[in-house]
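Read in order, the letters of the sequence shown are residues 1 to 636 in full-length UniProt numbering. By construction, the Cβ of each residue, glycine as well, lies at the ideal position given by its N, Cα and C atoms. Here is the structure we will look at, set down as structure tokens.
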Amino acid sequence: MPRHYTDHVDDEAGEDEGLVLHRMGTDPQGRSVVHTIPSGEQGAEPYADTPTRFARPHGGRATDALLDELNAEEESIALPRRDAPELDKTGRPAWLIDTLSAARHNSRFRLAMALVVGGLLVFTFSFAFSPVGDAAGKVYGWGADMWRGKHRPWDWNPDHNDFPGVTKPGLPANLADDHPDGTPTRGALPIQTSIPGSDKSFQAFEHMGPLSPYFASPGFGVDNIKHRTLSDGCKVEAVHMLHRHGSRYPTSGSPTELIPRLLATSGISFSGPLSFLNTYKYKLGAELLVPLGRAQLYESGVKAAIEYGSLLSSDASSGKQLARAGSQHRIVESGVNWLAGAWGARWRDKANLEIQIEAPRFNTTLAPNFACDNASRKPAVAEPGAAAAVAWEDEYLGDALRRLSSYVKGGALTTRLLFAFQQACSYDTVAFGYSRFCALFTTQEWLDYEYAWDLVFYGSYGPGSPVGRAQGVGWVNEFVSRLEGRPWDASTQTSENSTLNTDPTLFPLDKKFYVDFTHDSVIANVLAALELPDFAQDLPKDKREPGRKYKSSTLVPFAARLVFEDVSCKGIKTTGNGGGSSRWIRMLLNDAVVPLGQLQECEKREDGLCSFDAFLSSQRDRNVRAGWGNCTRGDL
Numbered sequence: 001m002p003r004h005y006t007d008h009v010d011d012e013a014g015e016d017e018g019l020v021l022h023r024m025g026t027d028p029q030g031r032s033v034v035h036t037i038p039s040g041e042q043g044a045e046p047y048a049d050t051p052t053r054f055a056r057p058h059g060g061r062a063t064d065a066l067l068d069e070l071n072a073e074e075e076s077i078a079l080p081r082r083d084a085p086e087l088d089k090t091g092r093p094a095w096l097i098d099t100l101s102a103a104r105h106n107s108r109f110r111l112a113m114a115l116v117v118g119g120l121l122v123f124t125f126s127f128a129f130s131p132v133g134d135a136a137g138k139v140y141g142w143g144a145d146m147w148r149g150k151h152r153p154w155d156w157n158p159d160h161n162d163f164p165g166v167t168k169p170g171l172p173a174n175l176a177d178d179h180p181d182g183t184p185t186r187g188a189l190p191i192q193t194s195i196p197g198s199d200k201s202f203q204a205f206e207h208m209g210p211l212s213p214y215f216a217s218p219g220f221g222v223d224n225i226k227h228r229t230l231s232d233g234c235k236v237e238a239v240h241m242l243h244r245h246g247s248r249y250p251t252s253g254s255p256t257e258l259i260p261r262l263l264a265t266s267g268i269s270f271s272g273p274l275s276f277l278n279t280y281k282y283k284l285g286a287e288l289l290v291p292l293g294r295a296q297l298y299e300s301g302v303k304a305a306i307e308y309g310s311l312l313s314s315d316a317s318s319g320k321q322l323a324r325a326g327s328q329h330r331i332v333e334s335g336v337n338w339l340a341g342a343w344g345a346r347w348r349d350k351a352n353l354e355i356q357i358e359a360p361r362f363n364t365t366l367a368p369n370f371a372c373d374n375a376s377r378k379p380a381v382a383e384p385g386a387a388a389a390v391a392w393e394d395e396y397l398g399d400a401l402r403r404l405s406s407y408v409k410g411g412a413l414t415t416r417l418l419f420a421f422q423q424a425c426s427y428d429t430v431a432f433g434y435s436r437f438c439a440l441f442t443t444q445e446w447l448d449y450e451y452a453w454d455l456v457f458y459g460s461y462g463p464g465s466p467v468g469r470a471q472g473v474g475w476v477n478e479f480v481s482r483l484e485g486r487p488w489d490a491s492t493q494t495s496e497n498s499t500l501n502t503d504p505t506l507f508p509l510d511k512k513f514y515v516d517f518t519h520d521s522v523i524a525n526v527l528a529a530l531e532l533p534d535f536a537q538d539l540p541k542d543k544r545e546p547g548r549k550y551k552s553s554t555l556v557p558f559a560a561r562l563v564f565e566d567v568s569c570k571g572i573k574t575t576g577n578g579g580g581s582s583r584w585i586r587m588l589l590n591d592a593v594v595p596l597g598q599l600q601e602c603e604k605r606e607d608g609l610c611s612f613d614a615f616l617s618s619q620r621d622r623n624v625r626a627g628w629g630n631c632t633r634g635d636l
């Protein structure tokens with residue numbers, strides 16, 4: 001009804017008697033009611049020209065009192081004026097009428113309104129389905145970021161990993177129906193590593209760089225037959241293990257992805273040794289462990305339980321063993337399989353697996369590249385090994401390109417494609433049991449293939465990279481802290497996660513067996529940070545150096561493991577820097593002893609041991625030498 005009445009009503013007796021005043025109101029409970037007020041005596045003006053909303057009819061004390069009350073109430077409510085001609089019979093407010101009118105005549109206005117309505121809907125649904133209760137109330141700071149949820153990130157169940165990285169499943173293996181050529185290794189191993197028609201004295205799968213299936217290293221200068229077993233009177237007191245994941249599918253963007261593109265070339269056909277490509281199907285996935293990779297880690301856990309069972313049991317009896325893993329799917333799966341090998345299917349009763357996020361803005365020494373800005377921002381400068389390897393491919397695959405190109409019609413091979421063929425030999429074999437790509441290359445070409453990988457790791461993750469040492473020193477800082485039994489030193493922080501390392505539950509110092517699961521590049525980083533001279537010798541880029549110690553196949557094969565043993569000895573003979581020490585450090589890489597006597601501070605010994613104090617002395621200025629600034633400064 002109208003909000004103001006200001007016009008006089010004619011004084012007609014019939015009308016005057018029939019006037020009734022209606023007003024909407026509420027009762028004391030807030031419910032809507034209608035107040036009905038009868039008119040005054042016949043002949044009186046029903047409404048007076050007054051500023052009050054309800055004019056006073058003449059006569060009637062009860063009516064006068066009621067109107068006094070109504071006028072007092074209405075004066076407290078200031079309502080906007082709206083003239084009678086503007087009234088909408090549907091009861092719609094003026095703003096809605098104006099909005100609908102504008103929308104009918106202006107397409108841009110309609111678009112703007114649609115965006116506003118859409119935004120409101122998104123907000124409504126986000127609010128409706130946002131975490132509530134504990135999930136919304138717990139906020140944790142971690143690695144320069146905030147995590148909101150019911151659990152701290154490091155309490156995650158490995159079955160519910162929210163940062164697994166990009167993965168792609170492959171097709172299942174079916175070796176029984178694939179009819180590979182017979183070899184001596186069929187039946188002895190789950191994969192076929194003997195190459196039909198090749199030199200039987202040459203083990204190609206021990207020269208495939210980081211794609212080599214795990215094998216024990218032939219040695220780094222210590223007689224392992226004589227010194228792999230500790231001397232009488234010596235005992236391993238603690239173990240620190242850095243473990244690579246097991247065999248996997250290619251990483252995203254691998255050269256092997258060139259193969260299906262080649263096969264998709266219209267009209268292409270193959271003959272001779274390449275004829276198998278006419279029916280070849282690319283079945284590889286990406287990033288995930290293959291069955292062999294799971295087996296490698298399980299067997300490593302079994303081996304650790306046999307080698308160091310008393311240490312593992314000690315940790316379990318005083319709480320639980322602590323293992324750490326990066327969050328990428330294959331890293332977590334590697335940790336789970338290793339723990340199952342060490343403890344059995346119910347390993348959760350004996351061990352905790354701490355998962356550290358591998359993602360931008362999160363610190364972790366198990367994936368330090370995320371903390372090292374220049375590793376991703378300036379890869380050409382920070383990781384020059386990749387470019388050196390590509391140039392080497394053009395050099396060593398020239399003969400193979402000329403030899404195999406004659407068997408292709410309707411398409412063309414390149415040295416990069418042939419490098420992809422060599423990788424496919426490695427990947428197909430660990431995934432499906434065998435590969436016909438392997439027989440395409442000579443012994444010399446396999447040795448040169450290995451050297452290409454050496455150039456990658458030396459130049460991009462090792463001593464040849466300006467950020468190689470820097471990315472490895474964080475793990476060495478943690479290792480030294482555990483050795484000394486001292487809390488982690490935040491003043492030397494590089495890629496370490498300060499939130500985790502300042503929590504004694506997550507970074508304990510009293511364990512007997514520490515194991516971390518990581519990537520091949522991180523092991524290369526750590527070896528560089530330790531500055532072992534044998535692994536620091538420069539690699540020529542135009543020819544293969546036969547006598548080099550830096551071989552990626554023996555350093556970082558699939559399932560590689562770097563082990564430091566904290567050893568106590570009684571009556572051990574010492575000279576020079578060994579003094580009269582009873583505590584020693586022994587380093588093993590892929591089951592072979594690495595001689596620590598190559599470090600200036602350590603005694604040169606046949607067994608490769610270094611006294612505890614001398615080893616710590618060799619690492620005193622590690623952070624200065626590592627040059628963490630190379631990861632962060634803009635002028636690299």
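In whole angstroms, what is the alpha-carbon distance linking W338 and I331? Position 338 of the sequence shown, counting from 1, holds the residue named residue 338. Position 331 of the sequence shown, counting from 1, holds the residue named residue 331. If I take the Cα positions, the gap works out to 11 Å.
Test item: CB-CB of Q619 and Y434 under 8 Å: Numbered from its first residue, the sequence shown carries residue 619 at position 619. Numbered from its first residue, the sequence shown carries residue 434 at position 434. Result no, Cβ atoms of Q619 and Y434 do not sit closer than 8 Å.
Where are the alpha helix (DSSP H) runs, 4 residues long or more, that stay fully inside the region 336 to 418, in chain order? For the region 336 to 418, whole alpha helix (DSSP H) runs of length 4 or above, ordered along the chain, are 373 to 377, 379 to 382, 385 to 396 and 398 to 405.
When the Cα atoms are used, what is the spatial distance from G472 to W628? The count along the sequence shown starts at 1 and reaches residue 472 at position 472. The count along the sequence shown starts at 1 and reaches residue 628 at position 628. Linking G472 to W628 through their CA atoms gives a straight-line distance of about 10 Å.
I'd like to confirm the pairing. Which residues does DSSP put opposite E565 in its beta bridges? Your numbering for residue 565 matches position 565 in the sequence shown. V239 and R586.
Own chain, CB closer than 7 Å to A400, minus 5 neighbours either side, in chain order: Position 400 of the sequence shown, counting from 1, holds the residue named residue 400. Setting aside the 5 residues that flank it on each side, A400 is surrounded in the same chain by L418, F441 and E445, each with a C-beta closer than 7 Å to its C-beta; the list follows chain order.
Taking 6 Å as the limit between beta carbons, can you name the residues of its chain near V132, skipping five residues before and five after? Here the question's residue 132 lines up with position 132 in the sequence shown. Residue confidence is low: V132 scores 45 on pLDDT, short of 50, so the model does not pin down where it sits. Its coordinate-derived value is still stated next. Answer for V132: no residue qualifies.
Per-residue DSSP class, three states only, for residue 638: Since the first residue shown for the chain is 1 and the last is 636, residue 638 is missing from the structure and cannot be characterised.
Rounded to whole angstroms, how far is the Cβ of Q321 from the Cβ of F513, which I believe are closer than 8 Å? As a working note, residue 321 is residue 321 in the sequence shown. As a working note, residue 513 is residue 513 in the sequence shown. Indeed, because the Cβ distance is near 6 Å, the residues count as touching under 8 Å.
Under 8 Å, with one C-beta from each stretch per pair, do the region 551 to 560 and the region 199 to 211 reach the 3-pair mark? Contact check between the region 551 to 560 and the region 199 to 211: three or more CB pairs, one atom from each, fall below 8 Å, which counts as touching.
Grab me the residues of D315's own chain with a C-beta within less than 7 Å of its C-beta, minus the 5 sequence neighbours each way, in chain order. Along the sequence shown, one-based indexing puts residue 315 at 315. Contacts found: Q321, K511, K512 and F513.
Could you check how far apart the C-beta atoms of F270 and Y407 are, in whole angstroms? I think they sit under 8 Å. As a working mapping, residue 270 is identified with position 270 in the sequence shown. As a working mapping, residue 407 is identified with position 407 in the sequence shown. About 6 Å; that satisfies the 8 Å criterion.
Rounded separation between V222 and V236 - CA only: As a working mapping, residue 222 is identified with position 222 in the sequence shown. As a working mapping, residue 236 is identified with position 236 in the sequence shown. Straight-line Cα distance between these residues: approximately 19 Å.
May I ask which residues mark the beginning and end of the beta strand (DSSP E) holding T518? As a position in the sequence shown, residue 518 is number 518, starting the count at 1. Annotation for T518: the continuous beta strand (DSSP E) segment containing it runs F513 to T518.
Hey, is the region 245 to 264 in contact with the region 280 to 298, meaning 3+ C-beta pairs nearer than 8 Å? Proximity of the region 245 to 264 to the region 280 to 298 meets the contact definition, three or more beta-carbon pairs being nearer than 8 Å.
If residue 665 and W584 are in contact, beta carbons under 8 Å, what's the gap, nearest whole angstrom? Residue 665 lies beyond the range of the chain shown here (1 to 636); nothing can be said about it.
How is F270 classed by DSSP in three states: helix, strand or coil? Translated into positions along the sequence shown, residue 270 becomes position 270. DSSP, reduced to helix, strand and coil, places F270 within a strand of the structure shown.
Might you give, ordered along the chain, the residues of its own chain that have their beta carbon closer than 6 Å to the beta carbon of D566, omitting 5 neighbours on each side? In the sequence shown, residue 566 corresponds to position 566, counting from 1. Taken in chain order, the residues that qualify are E237 and A238.
According to the neighbour-count rule (16 or more other Cβ atoms, all chains shown, within 10 Å of its Cβ), is S318 buried or exposed? Counting from one through the sequence shown, the residue named residue 318 turns up at place 318. In the assembly as shown, S318 is an exposed residue. Its beta-carbon has fewer than 16 other beta-carbons within 10 Å.
Pull up the CB-CB distance for T518 and R244, whole angstroms please, since I reckon it's below 8 Å. As a position in the sequence shown, residue 518 is number 518, starting the count at 1. As a position in the sequence shown, residue 244 is number 244, starting the count at 1. So it is a contact: roughly 6 Å between Cβ atoms.
Counting Cβ pairs closer than 8 Å, one from the region 592 to 602 and one from the region 532 to 540, do we hit at least three? Taking 8 Å as the limit for Cβ pairs, the verdict is that the region 532 to 540 does touch the region 592 to 602.
Would L539 pass as a contact of A382 if the rule is Cβ separation under 8 Å? The residue you call residue 539 lines up with position 539 of the sequence shown. The residue you call residue 382 lines up with position 382 of the sequence shown. Against a cut-off of 8 Å, the Cβ pair of A382 and L539 comes out as no contact.
One or two residues paired with V593 in a DSSP bridge: Position 593 of the sequence shown, counted from the start, is the residue given in the question as residue 593. In DSSP, V593 forms a bridge with L588.
On the CB-based measure, 16 or more other CB atoms within 10 Å of its CB, does residue 659 come out buried or exposed? Since the first residue of the chain shown is 1 and the last is 636, residue 659 is not available in this structure.
Taking all protein chains shown into account, decide if L120 is buried (16 or more other Cβ within 10 angstroms of its Cβ) or exposed. Locating residue 120 in the sequence shown gives position 120, where the first residue counts as 1. So L120 counts as exposed.
Outcome for F202 when other beta-carbon atoms lying within 10 angstroms are tallied against a minimum of 16: As a working mapping, residue 202 is identified with position 202 in the sequence shown. So F202 ends up on the exposed side.
Test item: CB-CB of D416 and L366 under 8 Å: By one-based count along the sequence shown, residue 416 stands at place 416. By one-based count along the sequence shown, residue 366 stands at place 366. The displayed chain sequence assigns Arg, not Asp, to residue 416. Not closer than 8 Å, so no.
I'd like the list of long-range same chain contacts for G410, defined as Cβ closer than 7 Å, with 5 residues on each side in sequence excluded. Within the sequence shown, numbered from 1, the residue matching residue 410 stands at position 410. These residues qualify, in order along the chain: T265, G267, I268 and S269.
I'd like to know whether the C-beta atoms of G301 and G341 end up nearer to each other than 8 Å. One-based indexing of the sequence shown puts residue 301 at position 301. One-based indexing of the sequence shown puts residue 341 at position 341. The Cβ atoms of G301 and G341 sit closer than 8 Å to each other.
Do the region 491 to 503 and the region 362 to 378 touch if we need at least three Cβ pairs shorter than 8 Å? By the Cβ rule, the region 491 to 503 counts as touching the region 362 to 378, because three or more pairs are nearer than 8 Å.
Nearest-angstrom Cα distance between F215 and V336? Counting from 1 along the sequence shown, the entry for residue 215 is found at position 215. Counting from 1 along the sequence shown, the entry for residue 336 is found at position 336. Distance between the alpha carbons of F215 and V336 is about 21 Å.
According to DSSP, is C602 helix, strand or coil? Here residue 602 is taken as the residue at index 602 of the sequence shown, counted from 1. Coil.
Have a look at L115 and D98 and give me their C-alpha separation to the nearest angstrom. Here residue 115 corresponds to residue number 115 of the sequence shown, with the count starting at 1. Here residue 98 corresponds to residue number 98 of the sequence shown, with the count starting at 1. Between L115 and D98, the C-alpha separation is close to 18 Å.
Reduced DSSP category for R544 - H, G, I as helix; E, B as strand; rest coil: Along the sequence shown, read from residue 1 onward, the residue named residue 544 stands at position 544. In this structure, R544 counts as coil in the three-state DSSP scheme.
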